[in-house]
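For our numbering, add 97 to where a residue sits in the sequence shown, where the first one is 1.
Ideal Cβ positions, reconstructed from N, Cα and C, are used throughout, including at glycine.
Bear in mind that the values here come from a model prediction, so they are computed numbers and not experimental data.
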Amino acid sequence: MSDKNTNNEARAPTATISSIDFERPQTWEKKVYLTIDIDWAHDDILADTIQIVEKAGVCATWFVTHETHVLSSLRSNPRFELGIHPNFNFLLQGDARMGATAEEVIEGILEVVPEAKSVRSHSMTQSSVLLDLFKEKGLTHDCNHFIPHEVGLRLRPWKFWNGLTRVPYFWEDDVAFINKENTPFKRLVGCSGIRVFNFHPIHVFLNTESMDRYERTRDIHKCPKKLIDHRGDSSQGGRYRLCELLESL
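And the structure:
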């Protein structure tokens, strides 16, 4: 699905990841893609990001980590799609809490989001084995390649050998604040090639501008009423940056 903001100054239409047809550049070449890794965020924290994105009237792909009643709100918005965000980290450490095999990990999160067509792994975990499993389970679009815009490449989707469409992304909130990267979004939205941005609700709620703010509040990430007292006011924080991006569309 795709949609264009009704703002007369809109610079680019937005769309969802699974709408991309790599063989048809018109489905992606002049569009902007907003993705959200929900990363087990508290419902109130997730609802906060949903409200901001819905108010902007743009499309978004939400990579889901867990069952929550908030998913019904996401599903009710025709501009949104739900993808999966499987976590293989525990399995790699010999811990079977998410599944005893990679296939079980994928099947577990697909039980939550059976309609999913797009995938980004937590920590961007990928391999040829996982990519074949994604395809086998009915997924069509993989978004596990982060290539920062500073590299200066004109990015585009491509077809993997098993038929998956691979979609690179070039901006992420935590990477930006770790690297103190503050390129204006108006410039990034104007880049040629595919433009995929990624945010996390915890960084939006907290307006995270540094790992220090994130780490020192980790114990209250599930307590939004307490956490809000620790929200930063930096113009380089995740909340400000999301609003800046939405205003540039």
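Burial state of Gly235 is exposed, judged by a 10 Å Cβ sphere holding fewer than 16 other Cβ atoms. A distance of 8 Å or more separates the beta carbons of His166 and Trp137.
When the beta-carbon positions are compared, Ala153 and Lys127 stay at least 8 Å from each other. In the DSSP secondary-structure assignment, Pro265 is bridged to His242. Under DSSP, Thr237 takes part in no beta bridge, so it has no partner.
Annotated three-state conformation of Val202 is helix, per DSSP. Ser215 has His238 as its beta-bridge partners, per DSSP. In the structure shown, Gly335 adopts helical secondary structure according to DSSP, grouped into three states. Distances from the CA of Thr132 to each of Val150, His139, Glu120, Asp140 were compared; the closest alpha carbon is that of Val150.
Of all C-beta pairs linking the region 197-213 to the region 225-232, three or more are shorter than 8 Å, placing the two stretches in contact.
With respect to the C-alpha of Gly180, the residue from Val129, Ser116, Glu120 having the closest C-alpha is Ser116. Beyond the five residues adjoining it in sequence on each side, Glu212 comes within less than 7 Å, by CB distance, of Leu179 in the same chain, given in chain order. Annotation: Pro175 to Tyr130 spans about 15 Å, alpha carbon to alpha carbon. In the three-state reduction of the DSSP assignment, Val129 falls in the strand class.
Counting only runs of 4+ residues, the alpha helix (DSSP H) found wholly inside the region 287-335 occupies 298-303, 308-313, 321-324, in chain order.
DSSP places Val155 outside both helix and strand once states are collapsed to three, so it counts as coil. Under the three-state reduction of DSSP, Thr124 is assigned to helix. When Ser224, Ile291, Asn279 are compared, the shortest CA-CA separation from Pro265 is found for Ile291.
Note that the region 301-317 does not touch the region 278-289; fewer than 3 beta-carbon pairs, one per stretch, sit closer than 8 Å. DSSP places Leu188 within a helical segment (H, G or I) once states are collapsed to three. Cα atoms of Arg310 and Glu341: separation of roughly 21 Å, rounded to the nearest angstrom. In the three-state DSSP reduction, Ile181 falls in the strand class (E or B). Using a 10 angstroms sphere on the CB of Asp239, the tally of other CB atoms reaches 16 or more, which defines it as buried. Counting along the chain, the unbroken alpha helix (DSSP H) around Ala273 starts and ends at 270-275. DSSP places Phe160 in the strand class (E or B) of the three-state scheme. Note on Lys214: 16 or more other CB atoms within 10 angstroms of its CB, so buried under the neighbour-count rule.
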